[in-house]
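Student: Take this structure, written in structure tokens, and hold onto it; I'll ask about it next.
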Amino acid sequence: MVNKLGTLHGVGVGPGDPELLTVKAARLIGSATVVAYLTANGKDSTARDIAKSYIPATTQHLVIDMPMRVEREPGEKAYDAGAAAIAEHLRQGRDVVMLCEGDPFFYGSFMYVFARLSNDFPCAIVPGVTSMTASAAALRRPLSARNEVVKVLPATLPEDRLREELMSAESAVLIKVGRHLPKVRNILGLLDLASRAQVVIKATHQDEVVTPLLGITEDHLPYFSSILVYAGAEAW
Numbered sequence: 195m196v197n198k199l200g201t202l203h204g205v206g207v208g209p210g211d212p213e214l215l216t217v218k219a220a221r222l223i224g225s226a227t228v229v230a231y232l233t234a235n236g237k238d239s240t241a242r243d244i245a246k247s248y249i250p251a252t253t254q255h256l257v258i259d260m261p262m263r264v265e266r267e268p269g270e271k272a273y274d275a276g277a278a279a280i281a282e283h284l285r286q287g288r289d290v291v292m293l294c295e296g297d298p299f300f301y302g303s304f305m306y307v308f309a310r311l312s313n314d315f316p317c318a319i320v321p322g323v324t325s326m327t328a329s330a331a332a333l334r335r336p337l338s339a340r341n342e343v344v345k346v347l348p349a350t351l352p353e354d355r356l357r358e359e360l361m362s363a364e365s366a367v368l369i370k371v372g373r374h375l376p377k378v379r380n381i382l383g384l385l386d387l388a389s390r391a392q393v394v395i396k397a398t399h400q401d402e403v404v405t406p407l408l409g410i411t412e413d414h415l416p417y418f419s420s421i422l423v424y425a426g427a428e429a430w
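Here you go:
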């Protein structure tokens with residue numbers, strides 16, 4: 195008799211506040227036999243910390259440690275190893291709930307595991323609240339209205355491309371800023387947009403910080419940071 199394959203669930207746990215998990219996410223985590231999540235360089239997992247109050251004591255934890263390096267190869271190997279460990283559970287008929295900060299398919303780490311396993315195993319995705327929308331809520335200002343266009347721009351883009359995109363933006367969300375802050379600050383200054391940029395650090399966490407970009411003196415931002423730029427959008 196062939197065992198029924200388990201299902202891999204990619205579950206978005208939102209930006210930080212555990213109460214922002216969807217009802218479906220809470221239900222799946224609360225009944226999970228196995229939960230998987232990433233850690234960075236052996237440190238604690240943010241996704242697990244967000245969801246920990248929903249995880250039963252009997253649940254098995256599958257930790258995928260991700261070396262945070264510029265080179266792609268170490269990360270690819272970590273995803274390969276994590277996907278192989280998850281696949282073993284799925285072959286034995288056990289469902290696996292993989293936790294992902296924000297939304298699994300919006301710059302989420304889950305997509306790389308999904309790419310490795312979705313052709314061979316049943317997969318389901320549970321969307322989550324993104325840091326982008328959580329940041330707009332923290333600022334108490336809409337990202338867009340009517341026919342306005344919002345651009346989501348990784349700060350890792352080349353300087354010329356980033357400047358070009360911002361020049362035509364009605365509003366924009368800059369993510370992955372981190373050590374790229376000097377480049378971003380310089381571009382926004384040249385475009386006379388620095389005064390229209392707001393920084394949100396760790397949106398919805400207890401230690402959330404909301405501040406104008408002009409109030410930031412450091413040359414880098416924490417990993418969980420976004421810059422919202424209201425370039426052409428009007429206040430509502």
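If you count the sequence shown from 1, position 113 lands on 307 in my numbering, and the numbers rise without skipping. By construction, the Cβ of each residue, glycine as well, lies at the ideal position given by its N, Cα and C atoms. Bear in mind the structure is a predicted one, so any value in this text is a computation, not a measurement.
1. For Asp259, name the three-state secondary structure that DSSP assigns.
2. Between Phe300 and Val403, what straight-line distance do the alpha-carbon atoms span, to the nearest angstrom?
3. Might you give, ordered along the chain, the residues of its own chain that have their beta carbon closer than 7 Å to the beta carbon of His374, omitting 5 neighbours on each side?
4. So the alpha helix (DSSP H) Lys377 belongs to, where does it begin and stop?
5. How about the stretch 332 to 347 and the stretch 387 to 403: do they share at least three Cβ pairs that are nearer than 8 Å?
6. Taking the runs of the beta strand (DSSP E) that are 3 residues or longer, which of them lie wholly in the stretch 246 to 315?
7. What do you reckon, are the CB atoms on Leu422 and Gly372 nearer than 8 Å?
8. Residue range of the alpha helix (DSSP H) that Leu360 falls in?
9. Short of 7 Å in beta carbon distance, which residues of its chain neighbour Ser247, apart from the five on each side in sequence? Order them along the chain.
10. Nearest-angstrom Cα distance between Thr216 and Pro250?
11. When every heavy atom of the ligand HEM is checked, does at least one fall within less than 7 Å of the C-beta of Val403?
12. Using 8 Å as the threshold, is the C-beta distance between Cys294 and Val378 below it?
13. Figure out for me which residue from Arg390, His399, Leu385 has the closest Cα to the Cα of Ala296.
14. Please confirm if the stretch 307 to 315 is in contact with the stretch 265 to 279, defined as three or more CB-CB distances below 8 Å between the two stretches.
15. Tell me which same chain residues have a C-beta within less than 6 Å of the C-beta of Asn197, skipping the five on either side of it?
16. So the alpha helix (DSSP H) Lys218 belongs to, where does it begin and stop?
17. What residues in its chain sit with their C-beta under 7 Å from that of Trp430, if we drop five residues either side in the sequence?
18. Could you tell me the boundaries of the alpha helix (DSSP H) in which Ala332 lies?
19. With distances taken Cα to Cα, identify the nearest neighbour of Glu364 among Thr252, Ala219, Val346.
20. Using a Cβ-Cβ cut-off of 6 Å (strictly less than) and excluding sequence neighbours within five positions of Val344, which residues of its own chain qualify?
21. Check each candidate in Pro209, Leu256, Ala234, Tyr424 and name the one with the smallest Cα separation from Thr227.
22. Could you give the DSSP three-state label for Ser389: helix, strand or coil?
23. How far does the beta strand (DSSP E) with Ala234 in it extend, from its first residue to its last?
24. Look up Thr405 in the DSSP assignment and give the residues it is bridged to.
25. Quick check on the burial criterion: 16 or more other C-beta atoms within 10 angstroms. Buried or exposed for Ala230?
Tutor: Per the coordinate set shown:
1. It is a strand residue.
2. Spanning the alpha carbons of Phe300 and Val403 requires a straight line of approximately 22 Å.
3. Ala349, Thr350
4. Per DSSP, Lys377 belongs to the alpha helix (DSSP H) from 375 to 384.
5. Yes, since at least three Cβ pairs between the stretch 332 to 347 and the stretch 387 to 403 fall closer than 8 Å, the two stretches touch.
6. 254 to 260, 290 to 294
7. no
8. Per DSSP, Leu360 is one residue of the alpha helix (DSSP H) stretching across 353 to 361.
9. Pro212
10. 17 Å
11. The model depicted lacks the ligand HEM and carries no ligand whatsoever.
12. no
13. Here residue 296 is Gly; the residue named in the question, Ala, does not match the sequence. Out of Arg390, His399, Leu385, His399 has the C-alpha closest to the C-alpha of Gly296.
14. Using a Cβ-Cβ distance cut-off of 8 Å, the stretch 307 to 315 and the stretch 265 to 279 are in contact, since at least three pairs of beta carbons, one from each stretch, lie closer than that value.
15. So the list reads Gly287, once near-sequence residues are dropped.
16. 217 to 224
17. Caution applies to Trp430, whose pLDDT of 42 falls short of 50 and renders its modelled position unreliable; the model cannot decide the point.
18. Unbroken alpha helix (DSSP H) run through Ala332: 325 to 333.
19. Val346
20. Leu337, Ser338, Ser365
21. Of the candidates Pro209, Leu256, Ala234, Tyr424, Leu256 places its Cα closest to the Cα of Thr227.
22. helix
23. 228 to 234
24. Under DSSP, Thr405 shares a beta bridge with Val393.
25. So Ala230 ends up on the buried side.
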